[in-house]
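A short write-up of the structure that comes next.
Number of protein chains: 2
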Amino acid sequence: MKTTVPLLDKITHFIVKRKGKQIRPMFVFLSAKLAGEISESTYNAASLIELLHTATLVHDDVVDDAYERRGFFSLNALWKNKIAVLVGDFLLSRGLLLAVDNGEYRLLQLVSNAVREMSEGELLQIEKTRKLNIDESVYFEIIRQKTATLIAACCASGVASVTNDEELIQKAHQFGEKTGIAFQIKDDLFDYGEGENIGKPTGIDIKEKKTTLPLIYALNNASDSERKRIIRKVKNHKEDPKIIQEVVDYVLASGGIEYAHDVMMRYKDEALAVLNEFPESPARNSLRDLVEFTVNRKK
Amino acid sequence: MKTTVPLLDKITHFIVKRKGKQIRPMFVFLSAKLAGEISESTYNAASLIELLHTATLVHDDVVDDAYERRGFFSLNALWKNKIAVLVGDFLLSRGLLLAVDNGEYRLLQLVSNAVREMSEGELLQIEKTRKLNIDESVYFEIIRQKTATLIAACCASGVASVTNDEELIQKAHQFGEKTGIAFQIKDDLFDYGEGENIGKPTGIDIKEKKTTLPLIYALNNASDSERKRIIRKVKNHKEDPKIIQEVVDYVLASGGIEYAHDVMMRYKDEALAVLNEFPESPARNSLRDLVEFTVNRKK
Chain U
0 MKTTVPLLDK ITHFIVKRKG KQIRPMFVFL SAKLAGEISE STYNAASLIE
50 LLHTATLVHD DVVDDAYERR GFFSLNALWK NKIAVLVGDF LLSRGLLLAV
100 DNGEYRLLQL VSNAVREMSE GELLQIEKTR KLNIDESVYF EIIRQKTATL
150 IAACCASGVA SVTNDEELIQ KAHQFGEKTG IAFQIKDDLF DYGEGENIGK
200 PTGIDIKEKK TTLPLIYALN NASDSERKRI IRKVKNHKED PKIIQEVVDY
250 VLASGGIEYA HDVMMRYKDE ALAVLNEFPE SPARNSLRDL VEFTVNRKK
Chain P
0 MKTTVPLLDK ITHFIVKRKG KQIRPMFVFL SAKLAGEISE STYNAASLIE
50 LLHTATLVHD DVVDDAYERR GFFSLNALWK NKIAVLVGDF LLSRGLLLAV
100 DNGEYRLLQL VSNAVREMSE GELLQIEKTR KLNIDESVYF EIIRQKTATL
150 IAACCASGVA SVTNDEELIQ KAHQFGEKTG IAFQIKDDLF DYGEGENIGK
200 PTGIDIKEKK TTLPLIYALN NASDSERKRI IRKVKNHKED PKIIQEVVDY
250 VLASGGIEYA HDVMMRYKDE ALAVLNEFPE SPARNSLRDL VEFTVNRKK
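Shown next, in the form of structure tokens:
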């Protein structure tokens, strides 16, 4: 990652020190072991995807005007948007070069597709959010594109790093996609509180007028007048914690959180069913644990 | 370019309608004809590079907080930064997919390298600009990375689309790089006025404290006390047109504009010398005209 630009070296050092859970590289390595032995290609896949994911986070922070990331100031808070955009582009190109220079073409295909879907998914979310009308199928399409696609690419490229068997690669892709959807539903549930804190919302999505599964369910099961009343509250909450709490209480009372939890568990079960088509192995057990972690994690 | 996201389709339509000079695809096509017949690979190269260039412009506008692009509002002025970042990422991934899906791996190599150099160059410029100390060699490194690299990639990938002859590809790369440097010096000269308007500056670079070749030459040939005086003016101009005019007058009187013009012409001549190593052909003549255009254009 060394460059000729001291500022850039300082920033990449900053990023590496504050690395995240690195859950995506874990999916790459464990998926590779489902189908063979970890190879240099597996390392290439894991590196490209973590670089790409980091680039996306850096760009997301510009997108969201976020001033915190992984418990510390975000790049754009410290160095302004312009630098964050350029650093994101730099990280992405470093990842691409790694793949291109090593002739990892199947990997490139899997990953470029993921990048396209991710930007489409984010844009679809922005467009739909603005209108505040969103049905379940749109919600699933958004989370499939913006989150599940990359985890699917992790699993597929892990397997592709050790075998050319397209059927196995597709199976790993399916497993990753279902896991990714469960992962995102879990993320969306945090907005409504977690464990003993259920009903004590962080309310960030509601503040940003993002309609996620619990709210969608509640609205779909409301009477016309109730639906209008709740939509009005979401649209005009003006960050008033009382109004946000009212929306959360409504969602809780209508069973939206329970419903979203059930759907998440169904995706988890489907993911594990696909996983079980691979032969039993320590890697398969670890992947099962990783899936359980995604739906049980506390943050 | 059709997607499932109406907002995205609207934006790409908007971009296509306001297309620029498309000088980069011209370099691709003409370079291909230097070495053979235009093929489908040539179209792939031209499309990828124009998509990439457009993505870079969209991101640049975020980077520069620019509210105008190609005579019309920029994307970020109309749709906000967040959307501009995502659309840039989308355009880039569409270009990559085009290349990956068509197995254009040499093209991918040339282009990923260019993307890395371009983001490094922009970041280097931001870093150096901040310190306002910059010597000629840093200036040339910045413009080589941020501008010349992409034109070099155009010419190299044009040739690579019709032949595997690495020597020819490298020669085209060299030709493009020298042309690109001349192109950027010309751009930087506009800041000091052009033709009969010489000395009537647009002064945008000075306002942004970007030190380009004319000013660097003037500072390098000033006495210590004069240099300090001018640097103070550039640092503290507060957008006062009188102060900016003083800096421009100083650069003009010290021969900085003449000097930059001479250097530009030297790069142009070197570019044409490399070009002349290719056999005589209508494409070679057109490329010569294109190089002449880059140094003689009025905007």
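Protein chains in written order, with numbering that gives the first Met the number 0: chain U, 0 to 298; chain P, 0 to 298. Each residue gets a CB set at the ideal place from its N, CA and C atoms; glycine is no exception. Remember, predicted model here, so these are calculated numbers, not experimental data.
* Asked: Just to confirm, are SER156 of chain U and LEU91 of chain U a CB contact at a threshold of 8 Å?
  -> no
* Asked: In three-state DSSP terms, what is GLU276 of chain P?
  -> coil
* Using three-state DSSP, classify ASN284 of chain U as helix, strand or coil. => helix
* Output, in sequence order along the chain, the residues in the segment 210-244 of chain P whose CB is closer than 7 Å to any CB in chain U. => Identification of residues in the segment 210-244 of chain P having a C-beta nearer than 7 Å to some C-beta of chain U yields an empty set.
* **Residues of the segment 112-144 of chain P with Cβ closer than 7 Å to any Cβ of chain U, in chain order** => ASN112, VAL114, ARG115, SER118, GLU119, GLU121, LEU122, LEU123, ILE125, GLU126
* Leaving out five residues before and five after GLU116 of chain U in sequence, what residues of the same chain have Cβ atoms less than 7 Å from its Cβ? -> GLN144, THR148, listed in sequence order.
* Under a CB-based cut-off of 8 Å, is THR3 of chain P close to chain U? -> yes
* To do: Evaluate MET223 of chain P with the Cβ neighbour count: other Cβ atoms within 10 Å of its Cβ, from every protein chain shown; 16 or more gives buried, anything less gives exposed.
  => One point to set straight first is that residue 223 of chain P is Asp, not Met, in the sequence displayed. With fewer than 16 Cβ atoms within 10 Å of its Cβ, ASP223 of chain P is classed as exposed.
* Pull out every residue of the segment 94-112 of chain U whose Cβ sits closer than 8 Å to any Cβ of chain P, in chain order. => LEU95, LEU96, VAL99, ASP100, GLY102, TYR104, LEU107, GLN108, SER111, ASN112
* Complete runs of the alpha helix (DSSP H) confined to the segment 173-250 of chain U [at least 4 residues] -> 203-206, 212-219, 223-234
* **Proximal residues to ARG105 of chain P (C-beta, below 7 Å), its chain only, five neighbours per side dropped** => ALA159
* Answer yes or no: does any C-beta atom of chain P fall closer than 8 Å to that of LYS297 of chain U? => no
* If I'm right that CYS154 of chain P touches ILE48 of chain P with Cβ under 8 Å, what's the distance once you round it to whole angstroms? => That pair is no contact at about 10 Å.
* Asked: In its own chain, which residues sit with a C-beta less than 7 Å from the C-beta of PHE28 of chain P, not counting the 5 before and 5 after it?
  -> ILE37, THR41, ALA45, GLY157
* Asked: Going along the chain, which residues of its own chain have a beta-carbon closer than 7 Å to the beta-carbon of VAL250 of chain U, five neighbours each way excluded?
  -> In its chain, beyond the 5 residues on either side, TYR191, PRO213, LEU214, ALA217, ILE256 have a beta carbon closer than 7 Å to the beta carbon of VAL250 of chain U.
* Asked: Taking the alpha carbon of VAL4 of chain U as the point to measure from, which residue in U:LEU289, U:THR128, U:LEU85, U:HIS58 has its own alpha carbon closest?
  -> U:LEU85
* Could you pull the start and end residues of the alpha helix (DSSP H) that GLY157 of chain P belongs to? => 148-159
* To do: Look at ASN112 of chain P and LEU167 of chain U and say whether their C-beta atoms are less than 8 Å apart.
  => Contact annotation: ASN112 of chain P and LEU167 of chain U have beta-carbon atoms that are not nearer than 8 Å.
* Specify the secondary structure class of LEU6 of chain U as computed by DSSP and reduced to three states. => helix
* Closest Cα partner of GLN169 of chain P within the set P:VAL273, P:ILE184, P:GLU39 -> P:VAL273
* Show which residues of chain U have a CB atom less than 9 Å away from the CB atom of ASP204 of chain P. => Residues of chain U passing the Cβ test: none, with the nearest at roughly 16 Å.
* Could you check which residue in U:THR162, U:VAL233, U:MET263 has the C-alpha nearest to that of PHE182 of chain U? => U:MET263
* Can you tell me where the alpha helix (DSSP H) with SER253 of chain U in it begins and where it stops? -> Segment: none, SER253 of chain U is in no alpha helix (DSSP H) and carries neither H nor E.
* Asked: In whole angstroms, what separates the C-alpha of ILE10 of chain U from that of SER280 of chain P?
  -> ILE10 of chain U and SER280 of chain P: Cα-Cα distance of roughly 48 Å.
* Asked: Can you tell me whether DSSP reads SER38 of chain P as helix, strand or coil?
  -> coil
* Asked: Starting from GLU103 of chain P and walking both ways along the alpha helix (DSSP H), at which residues does that stretch end?
  -> From DSSP, GLU103 of chain P is part of no alpha helix (DSSP H); its letter is neither H nor E.
* With a Cβ-Cβ cutoff of 8 Å, do ALA270 of chain U and ASP187 of chain U count as a contact? -> no
* Asked: If you measure from the beta carbon of GLN80 of chain U to each beta carbon in chain P, is any gap under 8 Å?
  -> Before going further, note that residue 80 of chain U is Asn rather than Gln in the sequence given. At least one chain P Cβ lies under 8 Å of ASN80 of chain U.
* Does LEU149 of chain U get closer than 8 Å to chain P when you measure Cβ to Cβ? -> No, LEU149 of chain U lies away from the interface with chain P (no Cβ there is under 8 Å from its Cβ).
* **Within chain U, partners of SER92 of chain P - CB distance below 7 Å** => Those within 7 Å of SER92 of chain P in chain U are SER111, VAL114, ARG115, SER118.
* In three-state terms, what does DSSP make of ASP164 of chain P? -> coil
* Count the other CB atoms, across all protein chains shown, that sit within 10 Å of the CB of GLY102 of chain U; report buried if there are 16 or more and exposed otherwise. => exposed
* Asked: Using a Cβ-Cβ distance under 8 Å, would ILE14 of chain U count as near chain P?
  -> No, no contact with chain P.
* Helix, strand or coil at ILE125 of chain U according to DSSP, with G and I counted as helix -> helix
* **Helix, strand or coil at ILE133 of chain U according to DSSP, with G and I counted as helix** => coil
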